[in-house]
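Have a look at the structure below, then the notes.
Numbering (our numbering), first residue to last: 4 to 56.
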């Protein structure tokens, strides 16, 4: 999460870590509408992985 926060918003902006979770959830919902509901996998202890079908 920290790496995603730094890459998306930079180190100078304070963003709650849950922000990443909310954006991933919204992205998953958008992808599911196109039949790609399994395209983003959660990798425990690491983060997320894009896994195209």
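Virtual Cβ for every residue (Gly too), placed ideally from N, Cα, C.
All figures in this text were calculated on a predicted structure; none of them were measured in a lab.
Contact belief for residue i with residue j at Cβ below 8 Å, rounded distance in angstroms
i: residue 41; j: residue 33; result: That pair is no contact at about 14 Å.
i: residue 20; j: residue 4; result: 5 Å
i: residue 8; j: residue 25; result: Not really, about 12 Å apart at Cβ, beyond 8 Å.
Opening and closing residue of the alpha helix (DSSP H) in which residue i lies
i: residue 22; result: 21-35
i: residue 9; result: 5-12
Cβ-based neighbour list, residue i, same chain, cut-off 8 Å, excluding 5 preceding and 5 following
i: residue 6; result: 50
i: residue 46; result: 52
Close Cβ partners of residue i (< 6 Å) along its chain, the five nearest in sequence each way excluded
i: residue 44; result: 52, 54
Close-in-space but distant-in-sequence residues of the same chain around residue i (CB under 7 Å, 5 per side omitted)
i: residue 36; result: none
i: residue 39; result: 56
For residue i, the first and last residue of its enclosing beta strand (DSSP E)
i: residue 18; result: Looking at the DSSP string, residue 18 is not in any beta strand (DSSP E), and its letter there is neither H nor E.
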